[in-house]
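Student:
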Amino acid sequence: MAIQKLFSVLFLHLVLAFLLVELTNARGLQLGFYRRTCPDAELIVHKTLHRYISRDPTLAAPLLRMYFHDCFIRGCDGSVLLSSTKKNQAEKDAIPNKTLRGFNVIDAVKSALEKKCPGVVSCSDVLALVARDAVLMIGGPHWDVPTGRRDGRLSIANEALFNLPSPFANISVLKQQFAATGLSVKDLAVLSGGHTIGIGHCTIISNRLYNFTGKGDTDPSLDRRYAAQLKKKCKPGNSNTVVEMDPGSFKTFDEDYYTIVAKRRGLFRSDAALLDDAETRDYVKFQSRTQGSTFAQDFAESMVKMGYIGVLTGKQGEIRKRCAVVN
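Residue numbering for the sequence shown follows full-length UniProt numbering, beginning at 1 and increasing consecutively.
1. Taking all protein chains shown into account, decide if Leu110 is buried (16 or more other Cβ within 10 angstroms of its Cβ) or exposed.
2. Taking Cβ to Cβ, would you say Glu279 is nearer than 7 Å to Val185?
3. Under a three-way DSSP split, which group does Glu255 fall into?
4. Do you know how far the Cα of Phe33 is from the Cα of Thr313?
5. Would you call Lys315 buried or exposed, if buried means 16 or more other Cβ atoms sit within 10 Å of its Cβ?
6. On the three-pair Cβ rule with 8 Å, is the region 54-66 touching the region 100-114?
7. Please confirm whether Val120 and Thr37 have their CB atoms less than 7 Å apart.
8. Only counting the same chain, and skipping five residues up and downstream in sequence, which positions put a Cβ closer than 6 Å to that of Gly194?
9. Run through DSSP, which three-state label would Arg264 get?
10. Can you give the Cα-Cα distance for Gly198 and Met245, rounded to whole angstroms?
11. Using CA coordinates, which residue listed in Trp143, Ala179, Glu42, Gly139 is at the minimum distance from Lys116?
12. Give me the Cβ distance between Tyr210 and Pro236, rounded to the nearest whole Å; I'm assuming they're in contact under 8 Å.
13. Compute the Euclidean distance between the alpha carbons of Asn97 and Arg74, then round it to the nearest angstrom.
14. How would you write the range of the alpha helix (DSSP H) that His46 sits in, first residue to last?
15. Could you tell me the boundaries of the alpha helix (DSSP H) in which Ile205 lies?
16. Figure out for me which residue from Asp70, Asp107, Glu255, Leu113 has the closest Cα to the Cα of Asp93.
17. What's the C-alpha gap between Asn25 and His142?
18. Is the region 267-274 touching the region 152-159 in the sense that three or more CB pairs, one from each, lie closer than 8 Å?
19. Tell me which residues share the same chain as Gly307 and place their Cβ nearer than 6 Å to its Cβ, disregarding the 5 neighbours each side in the sequence.
20. In the DSSP assignment, what are the bridge partners of Gln30?
21. Is the beta carbon of Thr294 sitting closer than 7 Å to the one on Phe253?
22. Taking Arg289 as the reference, give the member of Gly317, Asp276, Thr259, Asp277 with the closest Cα.
23. Locate the beta strand (DSSP E) running through Val242, then write down its first and last residues.
24. Excluding the five sequence neighbours on either side, which residues of its own chain have a C-beta within less than 8 Å of the C-beta of Arg264, listed in chain order?
25. Ordered along the chain, which non-local residues of its own chain (more than five positions away) have a Cβ less than 7 Å from that of Lys251?
26. If the criterion is Cβ atoms closer than 7 Å, does the pair Ile44 and Cys323 meet it?
27. Using the Cα positions of Lys233 and Cys202, report the straight-line distance between them to the nearest angstrom.
28. Relative to the C-alpha of Pro165, which residue among Arg149, Asp298, Leu183 is closest?
29. What are the complete alpha helix (DSSP H) segments, minimum 4 residues, inside the region 115-183?
30. Excluding the 5 residues preceding and the 5 following Arg153 in the sequence, name in chain order all residues of the same chain whose CB lies nearer than 8 Å to its CB.
31. Since Val185 is in the alpha helix (DSSP H), which residue starts that stretch and which ends it?
32. Note down, in chain order, each residue of its chain lying with its Cβ closer than 6 Å to the Cβ of Ser124, except the 5 sequence neighbours on either side.
33. Spatial neighbours of Lys175 within its chain, please: CB distance less than 8 Å, with the 5 preceding and 5 following residues excluded, ordered by chain position.
34. Who does Asn88 pair with in a DSSP beta bridge?
35. Hey, quick one: how far does the alpha helix (DSSP H) through Thr213 stretch, first residue to last?
Here it is in structure tokens:
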């Protein structure tokens with residue numbers, strides 16, 4: 001078993017190496033971008049983040065979600081980190097982003113980097129590295145993060161409101177939104193597995209439980225026993241209670257999400273929607289049947305791929321001094 005696991009890890013790194021070479025040649029990011037200008041950059045990120053995750057492992061989920069939300073709007077440019085101004089409402093204040101947390105962690109990492117290497121490491125790269133390390137610290141896979149992103153100067157709330165994948169979305173909408181960013185249907189199935197960690201608010205699932213078609217009914221795609229359990233936690237009108245995305249292991253990055261979805265116990269409508277398409281359904285059932293045999297490798301590959309969406313490089317954008325404001 002130990003030898004088999006070793007070969008699996010080696011194979012994962014080999015596949016990722018080939019993928020990274022292909023993407024790096026195409027889009028300008030590179031491994032070790034800060035090798036000369038800030039050689040301890042990734043170590044500083046890791047050590048600073050560890051102080052937070054060791055105290056509160058639940059931070060991993062919102063930090064991963066923050067990166068996802070950043071990349072889907074204007075690309076991976078750190079625009080989700082910008083604060084609103086008198087003249088502009090930023091992504092951070094859009095309704096889908098109201099529940100994001102962990103901005104203080106990003107600020108702490110950036111501050112530590114600025115002390116060591118002022119004006120060198122971008123906020124968008126900080127977010128990419130933090131997402132990777134957060135997943136790793138709670139049992140998920142490691143992947144090499146190509147860096148060299150520059151920070152965007154624009155952040156518009158309405159873009160996040162209308163373009164972020166919604167927990168209420170059906171499979172057709174989800175496929176369209178992922179395709180618009182250059183991600184595949186497989187990437188959709190794989191990145192949905194990030195819901196193996198974190199929580200959801202009762203307000204998000206209230207419609208599924210109590211008024212799915214406007215007739216006071218429950219979403220028929222939801223397992224009846226699970227629906228009954230959720231109703232005990234989420235009473236009508238309850239807006240404060242939260243529910244674990246992956247009951248029993250929501251603090252650990254594993255493949256259990258797919259087993260849950262396969263049993264029709266996905267918390268959000270968007271989770272259940274994975275069973276409404278042949279390709280995503282097959283992926284869910286395969287991971288459920290094989291105890292997530294390829295999930296770690298697949299997730300690492302999809303995260304690397306997502307990290308290239310709309311990146312700014314070279315002289316584009318800027319390197320923010322503080323992640324919440326443009327220079």
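For glycine and all other residues, C-beta sits at the position ideal for the given N, C-alpha and C. Computed from a predicted model, the values in this text were never measured in an experiment.
Tutor: Taking the coordinates as given:
1. A quick correction: the sequence has Lys, not Leu, at residue 110. Buried, by the Cβ-count rule.
2. Cβ distance < 7 Å, so Glu279 and Val185 count as in contact.
3. coil
4. 11 Å
5. exposed
6. Touching, per the Cβ criterion.
7. yes
8. Closer than 6 Å at Cβ, skipping near neighbours: Leu64.
9. DSSP places Arg264 in coil when its eight states are reduced to three.
10. 6 Å
11. The candidate whose alpha carbon is nearest that of Lys116 is Glu42.
12. 6 Å
13. 15 Å
14. 41-53
15. Run containing Ile205: 202-210, per the alpha helix (DSSP H) assignment.
16. The shortest CA-to-CA distance from Asp93 to any of Asp70, Asp107, Glu255, Leu113 is the one to Asp70.
17. Because the pLDDT at Asn25 is just 42, under 50, the model does not fix this residue reliably, and the value given afterwards should be weighed accordingly. When rounded, the distance between both Cα atoms is 22 Å.
18. no
19. Cys76, Ala128
20. Thr147
21. no
22. Thr259
23. 242-244
24. Ser221, Leu222, Asp223, Tyr226, Ala272, Leu275
25. Pro57, Thr58, Ile138, Ile197
26. no
27. Taking the straight line joining both Cα atoms gives about 8 Å.
28. Shortest Cα-Cα distance from Pro165 to any of Arg149, Asp298, Leu183 involves Leu183.
29. Counting whole runs of 4 or more residues, the region 115-183 contains the alpha helix (DSSP H) stretches 123-137, 157-163, 171-180.
30. Gly317, Glu318, Val326
31. 185-192
32. Cys76, Asp77, Gly78, Arg149, Asp151
33. Val185, Leu188, Asp277
34. DSSP lists Thr85 as partners of Asn88.
35. No alpha helix (DSSP H) contains Thr213, which DSSP labels as neither H nor E.
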